[in-house]
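Q:
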């Protein structure tokens, strides 16, 4: 939610600290600030706040209010209270809460609650003789500062109350409410409601509505209806200030796909005390804009008043959890700054929890308040001493043993996705229809990876792709006595191939498997052949290690893990060109490589020798000695071109290859 | 020619080395987890907004076969009439499974474990977000384990992992399963916390000097209770954070998705 600094300022006697200081305090000890922006500030607002900001700017904090503080801090008052506790400023509530006897000439509304479990308090009042005017400048500016559109003074006032004290309010046009009655009841099957934004909803019997004596007027706690709202012709209002069960509002809002500022607040649960504050504040503000208005008696249906909560915590308990050495005096200061009423005896603090702080119910909640108001930076750092070495995880331990063998045999370790388009266990709603099944084998992902890696083989100068994956697979077959749930198993798959038709790697893998058996100390290793070409086998690893002993000490797999600095990979395809040539027998590959490097083409990402052989040749000379025998060497190598900016064309690469021919020819190479 | 170990494998190896060395066992749990261990037991009730904090992959119940429930799962099922299953959204479910096992096997306290494991989130993917990734969970529970101990363990962890003295700072936060809860920032290893130096803004930490790296806190009494411990007697800390991010920070890998498509152009660099 967005918070205006000028608005927050209205709750503090002293000036708030400058923004950077405030940002640091709030970030560390209260809320995450997602963004800070500055907007121009008009005179209206600076007059209201009492602190004219000479910069002529307001600062807007976009604050992420998490569920525990959604009870109080989705409103400026709650955040301001916290800020004052952190800065030492004096908190003051600038609002006027209407407290007068009603005008008996104005008929008070009738309120009924059908189910007091889901509507815990409902207050209302009727206000006659109002006119619907544009909002005064200060009100417009407040709302616009936090991204709300100004509509008219009545709607704006209800919004202002919501964003001030976290209490959603609703105003009805009294002329459109039949029977001067509001009731919180479940909808009748088939009742239809048109929302403010013209959506037609057919209601079900689990939906709580606010209705007049005949028809539903709105979705309780979520959204008002189209036909009972305030319009330019409205002269008389009925105000709704109610509180609803959080879970019910959440379920209803999910069912209809409607989330609003109001539903967000109710589903997070707010205090019944806000029902009263919200109504009284709304009446005061309406009277401010409509001094001529006449207000009925206030109606309050409150079947089971909220019980005042008290929580106790001792200084010793606080220090025992935090690892601090705070004293009574520190704690006294903190609870005083938080405006938590308390008594203290024998170093035990008994706190009367402010109504709106529903997040404070157990002593740990108070300890958190102490930790953050005292400052989380002040928590010391103490490494606990445990007099034993940790035990490795059995599965990971034996996996590592196999990884080490695979590594020696030249296999690389890959990870692929757990989701796919085939499998037995399904996700209700995945990221795409081809990702809604959980893999029941690793082989498929490994095969896909093989295809990609074979294509990229020249980029890595590989002629054979060797790789393996350890991962969990999911089936709906029950595996008895296994710690994991239905059919989740650890598998291990390996893949080897060179992409050539006639090659076979069965013998090579048999050797590898025998090394794995040796290192595990097992006599047999069952595997499935997933694919003959490329050669992929898969092993149920959980079964393999079932009878192996529990490990006791961790054995590191790597000596210097993650020591490499990663070279980013071009998203564009590469093109390769092979060059074969004769050189005199004494010319080394290194010198040829150096000649190629001289060309200095940055797009030549690799220069790899893939074939070399030598032969003796007779050289005819004109000398009297006649012919002589010389050694000639053939080098065949591959140049790989790739750009980070674009896809290279064949023509471009043909051009790029010319300088290589030139430099090689100049240096006596005979291109074949 | 030798093969190569996946960067995540190397990171898990490193984490395991660091933590077994200071007395933490390495444990794991199922990736396909019940609603009880992933949410309910972690003080994240049904129909509560705190469940929205993680985008969840729910499993179609009809595609799962019958299985043996733990006692706690049986209680949850009879209380609510249903027990859903999810791809675990965090490794935190292993907290409760570990405490249960500790009690059952009458093991000596404190409990001290780390859980490097795969987790899943149903959210849009980009260079920094992936539907599957790795977390490292830590749990230490005894009679006198403090928030200060959490700071000590994390500073040790990051300093060892990054091979550089790395202070951490706590920021106020909320998780249903910890109280107090904190976000953990580690000092930026690149600029050593300076943020901006000689007018150059540090690109790793966006010049803030700190890197947001995990959530943590003191285990909520309800979680201890749900796992079978008396919270008046036992207390401890838990932490959980993405391993991929640490790997990316340490190595410079610039796209998390490159870790999970089996691409040897990535793996073979390590």
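Chains as they are written, first to last, in the numbering used here: chain A, 42 to 713; chain B, -14 to 255.
All residues carry an ideal CB built from backbone N, CA and C; glycine is no exception.
(1) Who are the Cβ neighbours of residue 524 of chain A in its own chain at under 6 Å, not counting the five residues just before and after it?
(2) Under 8 Å between beta-carbons, which chain A residues line up against residue 9 of chain B? List them in chain order, please.
(3) Helix, strand or coil: which one does DSSP assign to residue 250 of chain B?
(4) So, residue 82 of chain A versus residue 64 of chain A, is the Cβ gap smaller than 7 Å?
(5) If you follow the alpha helix (DSSP H) that residue 297 of chain A is in, where does it begin and where does it stop?
(6) Taking only the alpha-carbon atoms, compute the straight-line gap between residue -9 of chain B and residue 456 of chain A and give it to the nearest angstrom.
(7) Looking at C-beta atoms only, is the number of pairs between the segment 212 to 219 of chain A and the segment 246 to 266 of chain A that lie closer than 8 Å three or more?
(8) Alpha carbon to alpha carbon, what distance is there between residue 401 of chain A and residue 394 of chain A?
(9) At which residue ranges does the segment 190 to 254 of chain B contain complete beta strand (DSSP E) runs of 3 or more residues, listed in the order of the chain?
(10) For residue 649 of chain A and residue 577 of chain A, what's the separation of their Cα atoms in angstroms?
(11) Please report the straight-line C-alpha distance between residue 314 of chain A and residue 342 of chain A, rounded to a whole angstrom.
(12) On a Cα-Cα basis, can you pick out the residue from B:126, B:11, B:95 and B:-12 that is closest to residue 595 of chain A?
(13) Rounded to the nearest angstrom, how far is the Cβ of residue 264 of chain A from that of residue 301 of chain A, given a contact under 8 Å?
(14) Can you confirm whether residue -12 of chain B, when its beta carbon is compared against all beta carbons of chain A, has any partner nearer than 7 Å?
(15) Does the separation of the CB atoms of residue 413 of chain A and residue 70 of chain A fall below 7 Å?
(16) Would residue 686 of chain A and residue 670 of chain A qualify as a contact pair, given that the criterion is a beta-carbon distance under 7 Å?
(17) According to DSSP, is residue 427 of chain A part of a helix, a strand, or is it coil?
(18) Listed in chain order, which residues of the segment 441 to 452 of chain A have Cβ atoms closer than 8 Å to some Cβ of chain B?
(19) Any residues in the segment 606 to 630 of chain A with a beta carbon nearer than 7 Å to a beta carbon of chain B? Which ones, in chain order?
(20) Given a threshold of 16 other Cβ atoms within 10 Å of its Cβ, counted over all protein chains shown, does residue 255 of chain B qualify as buried or as exposed?
(21) With a CB to CB cut of under 6 Å and the five nearest residues on each side skipped, what residues in its chain are close to residue 330 of chain A?
(22) Once you ignore the five residues that flank residue 716 of chain A on each side, which residues in its own chain have a CB closer than 7 Å to its CB?
(23) Assess contact between the segment 50 to 58 of chain B and the segment 0 to 11 of chain B, defined as three or more Cβ pairs (one per stretch) separated by less than 8 Å. Is contact present?
(24) How is residue 218 of chain A classed by DSSP in three states: helix, strand or coil?
(25) With DSSP as the reference, label residue 459 of chain A as helix, strand or coil.
(26) Is the CB of residue 12 of chain B under 7 Å away from at least one CB in chain E?
(27) Can you tell me where the beta strand (DSSP E) with residue 63 of chain A in it begins and where it stops?
(28) Spell out the partners DSSP gives residue 617 of chain A in its beta bridges.
(29) Rounded to a whole number of angstroms, what is the C-alpha to C-alpha distance between residue 228 of chain A and residue 335 of chain A?
(30) Using the Cβ count rule (16 or more neighbours within 10 Å means buried), how would you classify residue 281 of chain A?
(31) Give me the chain B residues within the contact set of residue 320 of chain A, using Cβ-Cβ distance strictly less than 7 Å, ordered along the chain.
(32) Relative to the C-alpha of residue 530 of chain A, which candidate in A:587, A:467 and A:137 has its C-alpha closest?
(33) 7 Å is my cut-off, CB to CB: does residue 136 of chain B come that close to chain A?
(34) Which residues in the same chain as residue 88 of chain A place their Cβ atom closer than 7 Å to its Cβ, once the five residues preceding and following it in sequence are excluded?
(35) In chain order, what residues of the same chain lie with their CB nearer than 7 Å to the CB of residue 150 of chain B, ignoring the 5 residues before and after it?
(36) Classify residue 108 of chain B: buried if its beta carbon has 16 or more other beta carbons within 10 angstroms, exposed otherwise.
A: Reading off the structure:
(1) Only weak support exists for where residue 524 of chain A lies, its pLDDT of 47 falling under 50; the coordinates are left without a value.
(2) In chain order: 427 and 431.
(3) Residue state for residue 250 of chain B is assigned as helix, using DSSP reduced to three classes.
(4) Result no, Cβ atoms of residue 82 of chain A and residue 64 of chain A do not sit closer than 7 Å.
(5) 287 to 297 is the extent of the alpha helix (DSSP H) around residue 297 of chain A.
(6) If I take the Cα positions, the gap works out to 8 Å.
(7) With the rule of 3 Cβ pairs closer than 8 Å, the segment 212 to 219 of chain A counts as touching the segment 246 to 266 of chain A.
(8) Each residue's Cα considered, the two are about 7 Å apart.
(9) Within the segment 190 to 254 of chain B, the complete beta strand (DSSP E) runs of at least 3 residues are 195 to 204 and 220 to 227.
(10) Distance between residue 649 of chain A and residue 577 of chain A, taken at the CA atoms: about 28 Å.
(11) C-alpha separation (whole angstroms): 13 Å.
(12) Of the listed residues, the one whose Cα sits closest to residue 595 of chain A is B:11.
(13) Their Cβ separation, rounded to whole angstroms, is 5 Å, which keeps residue 264 of chain A and residue 301 of chain A in contact under 8 Å.
(14) At least one beta carbon of chain A lies nearer than 7 Å to the beta carbon of residue -12 of chain B.
(15) The answer is yes: Cβ separation under 7 Å.
(16) No, these two residues do not count as a Cβ contact at 7 Å.
(17) In the structure shown, residue 427 of chain A sits in coil (DSSP, three-state: anything other than H, G, I, E or B).
(18) 441, 444, 447, 448, 449, 450, 451 and 452: these are the residues of the segment 441 to 452 of chain A whose beta carbon lies less than 8 Å from some beta carbon of chain B, given in chain order.
(19) Taking 7 Å as the cut-off between beta carbons, the residues of the segment 606 to 630 of chain A near chain B are 606, 607, 608, 609 and 610, in sequence order.
(20) In summary, residue 255 of chain B is buried, with 16 or more beta-carbon neighbours lying within 10 Å of its beta-carbon over all protein chains present.
(21) Taken in chain order, the residues that qualify are 194.
(22) No answer is possible for residue 716 of chain A: it lies beyond the span of chain A, which begins at 42 and ends at 713.
(23) Segments in contact, no.
(24) The DSSP-derived three-state label of residue 218 of chain A is coil.
(25) Secondary structure at residue 459 of chain A: coil, using DSSP grouped into helix, strand and coil.
(26) No chain E is part of this structure, whose protein chains are labelled A and B.
(27) Residue 63 of chain A -> not in any beta strand (DSSP E); alpha helix (DSSP H) instead, spanning 60 to 70.
(28) Bridge partners of residue 617 of chain A: A:681.
(29) Straight-line Cα distance between these residues: approximately 33 Å.
(30) Within a 10 Å sphere around the beta-carbon of residue 281 of chain A sit 16 or more other beta-carbons, which makes this residue buried.
(31) Listed along chain B is no residue with a C-beta nearer than 7 Å to that of residue 320 of chain A; the closest approach is about 25 Å.
(32) Of the candidates A:587, A:467 and A:137, A:587 places its Cα closest to the Cα of residue 530 of chain A.
(33) Under the Cβ criterion of 7 Å, residue 136 of chain B is counted among the residues facing chain A.
(34) Its pLDDT being 45, under 50, residue 88 of chain A is placed unreliably in this model, and the coordinates cannot settle the point.
(35) Hits under 7 Å: 144.
(36) A residue is called buried once 16 or more other Cβ atoms fall within 10 Å of its Cβ, and residue 108 of chain B, having fewer, is exposed.
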